[in-house]
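Trainee:
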Amino acid sequence: MRIVVDPSAPDPEVLRKAVAVLRASGLVAVPTETVYGLGALGTDPVALARVFEAKGRPTTHALILHVLDLDAARPLVAGVPALAERLAAAFWPGPLTMVLPRSALVPDAVTGGGPTVAIRAPSHPVVRALLRLLDAPLAAPSANRYQSVSPTRATHVERSLGAAVDLVLDAGPCERGIESTVVDLTGPVPRILRLGAVSAEDLRAVVGELDVQVHVVEPGVAHASPGLDARHYAPRGRIAFAEESEGALALAAVALRANPDAKIALLIRRPPVAATPPQGCSLRVLGDDPVIYARNLYDALHDADEQGATLLIVEQVPHLPAWAAVRDRLSRASNINET
Ligand code: TXA
Ligand code: MG
Numbered sequence: 218m219r220i221v222v223d224p225s226a227p228d229p230e231v232l233r234k235a236v237a238v239l240r241a242s243g244l245v246a247v248p249t250e251t252v253y254g255l256g257a258l259g260t261d262p263v264a265l266a267r268v269f270e271a272k273g274r275p276t277t278h279a280l281i282l283h284v285l286d287l288d289a290a291r292p293l294v295a296g297v298p299a300l301a302e303r304l305a306a307a308f309w310p311g312p313l314t315m316v317l318p319r320s321a322l323v324p325d326a327v328t329g330g331g332p333t334v335a336i337r338a339p340s341h342p343v344v345r346a347l348l349r350l351l352d353a354p355l356a357a358p359s360a361n362r363y364q365s366v367s368p369t370r371a372t373h374v375e376r377s378l379g380a381a382v383d384l385v386l387d388a389g390p391c392e393r394g395i396e397s398t399v400v401d402l403t404g405p406v407p408r409i410l411r412l413g414a415v416s417a418e419d420l421r422a423v424v425g426e427l428d429v430q431v432h433v434v435e436p437g438v439a440h441a442s443p444g445l446d447a448r449h450y451a452p453r454g455r456i457a458f459a460e461e462s463e464g465a466l467a468l469a470a471v472a473l474r475a476n477p478d479a480k481i482a483l484l485i486r487r488p489p490v491a492a493t494p495p496q497g498c499s500l501r502v503l504g505d506d507p508v509i510y511a512r513n514l515y516d517a518l519h520d521a522d523e524q525g526a527t528l529l530i531v532e533q534v535p536h537l538p539a540w541a542a543v544r545d546r547l548s549r550a551s552n553i554n555e556t
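Numbers 218 to 556, taken from this note's numbering, label the letters of the sequence shown in order.
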């Protein structure tokens, strides 16, 4: 069931209903500022098992616990290093996930049996109101089937997970549209495990030294953060890259000549100056600013799937630090491993 919630004034009745579902080991899809999450009571092994089942995700892939603030995170970790205090002060509530040594309170199902736990305090008013009422950590992976594109709208959740979700709280499109940045604080130097909505430069400004070597690895090979599978966030169609929007249009024309039945989705940054897209191609302008582009990207990938696009032609994005997270998602979506 999907219920529309006003983010500026979430209906307490709806929130109470969501809490009742969660306390009965149910699953509630929640809006966050990044993407929609598939929420389960973070202390309930039955509910946690349902999360993996609903997503079709291996149980070794650890989940993020969502909390209101650093004080709510303290009981879940073995200790809060000074660096975590600084990061929380700078970025919480917001799209930063910190990996820390876990406490005994955290169920094995959350951590994949590992010694660490990932925690973030989201800023979206609906999930915050829910957390206040729940008074417990909310485990929430992105609310999509394993290895498919994360949802930035409630309708994406419904399409991906269907009846496996008991309740979807629909607060409209997500503002950031790309997942949180995951930073590992368990080693001598903080290390980014997943690029995301908080940029590496912004993080470095707070922590000083930072390891930003996010390694793309082949699926199935053991590695530090299971979310780093090379093929991840993938639409069903194939992705091809083009330089400039005019190049994308030209490539579409070539592809259509080779296969007149191809269904092509063009994803470009700026409107093309002169040309119009060939007949039958959909065209979407995502924006020339990395924050706006990120907000639109997954929605465009979902749209392409909906239209049955067999080929997505994507205008390449700049090789600049501000675009790193977007580039990362595009490369995973296309399964091109960049070095
Ligand atoms: O923006 C987000 O982070 C969204 C919203 C719903 O909060 N959540 C999300 O969850 O993207 P998920 O499960 O799709 O991705 C969580 C990432 C994965 O890459 C996972 O491997 C990593 O965090 N992760 C979770 N626990 C970890 C741990 N203990 N150590 C290392 N990586 C961990
Ligand atoms: Mg995910």
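We treat Cβ as the ideally placed atom computed from N, Cα and C, and that holds for glycine.
Measuring only from the beta carbon, is Ser359 closer than 6 Å to any heavy atom that is part of ligand 2?
Mentor: As a working mapping, residue 359 is identified with position 142 in the sequence shown. Checking every heavy atom of ligand 2 against the Cβ of Ser359, one is found closer than 6 Å.
Trainee: Strictly under 7 Å for the Cβ-Cβ distance: is Asn513 near chain C by that measure?
Mentor: Judged by its chain identifiers, the structure shown contains no chain C, having just a single protein chain.
Trainee: So Ala451 and Val534 are supposed to be a Cβ contact under 8 Å. How far apart are they, rounded?
Mentor: The residue labelled residue 451 in the question sits at position 234 within the sequence shown. The residue labelled residue 534 in the question sits at position 317 within the sequence shown. Incorrect: roughly 17 Å between the Cβ atoms, too far for contact.
Trainee: Take the Cβ of Met315 as the centre, count every other Cβ of all protein chains shown within 10 Å, and call the residue buried at 16 or more, exposed below.
Mentor: On the sequence shown, residue 315 is found 98 positions in, with the first residue counted as 1. Its Cβ being crowded by 16 or more others within 10 Å, Met315 is buried.
Trainee: On the DSSP bridge assignment, give the partners of Asp428 in chain order.
Mentor: Counted from its first residue, the sequence shown places residue 428 at position 211. The partner list for Asp428 (beta bridge, DSSP) reads Arg408.
Trainee: Spell out the partners DSSP gives Ala459 in its beta bridges.
Mentor: For this step, residue 459 is matched to residue 242 along the sequence shown. Glu532.
Trainee: With DSSP as the reference, label Thr333 as helix, strand or coil.
Mentor: Residue numbering aside, residue 333 sits at position 116 when the sequence shown is read from its first letter. Thr333 falls in the strand class under three-state DSSP.
Trainee: Alpha carbon to alpha carbon, what distance is there between Glu532 and Asp545?
Mentor: Looking up residue 545 in the sequence shown gives position 328. Looking up residue 532 in the sequence shown gives position 315. So the alpha carbons of these two residues sit roughly 14 Å apart.
Trainee: Output the residue ranges of the beta strand (DSSP E) runs that lie fully inside the region 256 to 284 and measure 3 residues or longer, sorted by chain position.
Mentor: Here the runs fully enclosed are 281 to 283.
Trainee: On a CA-only basis, which of Glu463, Pro495, Lys480 and Leu468 is nearest Arg487? Give me that one, please.
Mentor: Here residue 487 refers to the residue found at position 270 of the sequence shown. Considering only alpha carbons, the answer is Glu463.
Trainee: Can you tell me which of Gly497, Gly389, Tyr363 and Ala295 puts its alpha carbon nearest to the alpha carbon of Thr403?
Mentor: Along the sequence shown, read from residue 1 onward, the residue named residue 403 stands at position 186. Considering only alpha carbons, the answer is Ala295.
Trainee: In the DSSP assignment, the beta strand (DSSP E) including Val415 goes from what residue to what residue?
Mentor: Residue 415 sits at position 198 when you count from the first residue of the sequence shown. Looking at the DSSP string, Val415 is not in any beta strand (DSSP E), and its letter there is neither H nor E.
Trainee: Which residues in the same chain have their Cβ closer than 8 Å to the Cβ of Asp383, if we skip the five residues on either side of it in sequence?
Mentor: Against the sequence shown, residue 383 aligns to sequence position 166. Closer than 8 Å at the Cβ level, and outside the excluded window around Asp383, lie Met218, Val238, Gly243, Leu244 and Val245.
Trainee: Say yes only if the C-beta of Glu396 is nearer than 6 Å to one or more non-hydrogen atoms of ligand 1, and no if none qualify.
Mentor: Position 179 of the sequence shown, counted from the start, is the residue given in the question as residue 396. Answer for Glu396: yes, Cβ within range of ligand 1.
Trainee: If you draw a straight line from the C-alpha of Leu232 to the C-alpha of His519, how long is it?
Mentor: Indexing the sequence shown from 1 puts residue 232 at position 15. Indexing the sequence shown from 1 puts residue 519 at position 302. One C-alpha to the other measures close to 28 Å.
Trainee: Is the beta carbon of Leu386 sitting closer than 7 Å to the one on Val236?
Mentor: For the purposes of this step, residue 386 is taken as residue 169 along the sequence shown, with counting starting at 1. For the purposes of this step, residue 236 is taken as residue 19 along the sequence shown, with counting starting at 1. No, Cβ-Cβ distance for Leu386 and Val236 is not below 7 Å.
Trainee: Can you give, in chain order, each stretch of the alpha helix (DSSP H) that sits fully within the region 312 to 393 and has at least 4 residues?
Mentor: Taking only runs of at least 4 residues, the alpha helix (DSSP H) segments lying wholly in the region 312 to 393 are 325 to 328, 342 to 351 and 371 to 378.
Trainee: Is Leu410 near ligand 1, judged by its Cβ being under 6 Å from some heavy atom?
Mentor: Counting from 1 along the sequence shown, the entry for residue 410 is found at position 193. Yes, ligand 1 has a heavy atom inside 6 Å of this Cβ.
Trainee: Mind checking which residues open and close the beta strand (DSSP E) that includes Leu484?
Mentor: For the purposes of this step, residue 484 is taken as the residue at position 267 of the sequence shown. Start and end: Ile481 to Ile485.
Trainee: Less than 6 Å separating the Cβ of Gly254 from some heavy atom of ligand 1?
Mentor: Taking the first residue of the sequence shown as position 1, residue 254 is located at position 37. Yes, the Cβ of Gly254 comes within 6 Å of a heavy atom of ligand 1.
Trainee: Take the Cβ of Thr333 as the centre, count every other Cβ of all protein chains shown within 10 Å, and call the residue buried at 16 or more, exposed below.
Mentor: The residue given as residue 333 occupies position 116 in the sequence shown. So Thr333 counts as buried.
Trainee: Is it buried or exposed, Ala271, if we count other Cβ atoms within 10 angstroms and call 16 or more buried?
Mentor: Translated into positions along the sequence shown, residue 271 becomes position 54. Per the 10 Å Cβ criterion, buried.
Trainee: To which residues does DSSP link Ser551 through a beta bridge?
Mentor: Position 334 of the sequence shown, counted from the start, is the residue given in the question as residue 551. Answer by DSSP bridge pairing: none, since Ser551 is not bridged.
Trainee: Can you tell me which of Gln496, Arg267 and Val502 puts its alpha carbon nearest to the alpha carbon of Val489?
Mentor: By 1-based counting over the sequence shown, the position of residue 489 is 272. Here residue 489 is Pro; the residue named in the question, Val, does not match the sequence. Ranking the options by Cα distance to Pro489, first place goes to Val502.
Trainee: Among all the DSSP beta bridges, which residues are the ones paired with Asp506?
Mentor: What you label residue 506 is simply residue 289 of the sequence shown in a count that begins at 1. Paired residue(s): none; Asp506 is not in a bridge.
Trainee: Which residue's Cα is closest to the Cα of Ala357: Tyr515, Ile456, Arg303 and Arg274?
Mentor: Taking the first residue of the sequence shown as position 1, residue 357 is located at position 140. When each option's Cα is compared against that of Ala357, the closest is Arg274.
Trainee: Which residue or residues does DSSP assign as beta-bridge partners of Val471?
Mentor: Here residue 471 refers to the residue found at position 254 of the sequence shown. None, per the DSSP bridge assignment.
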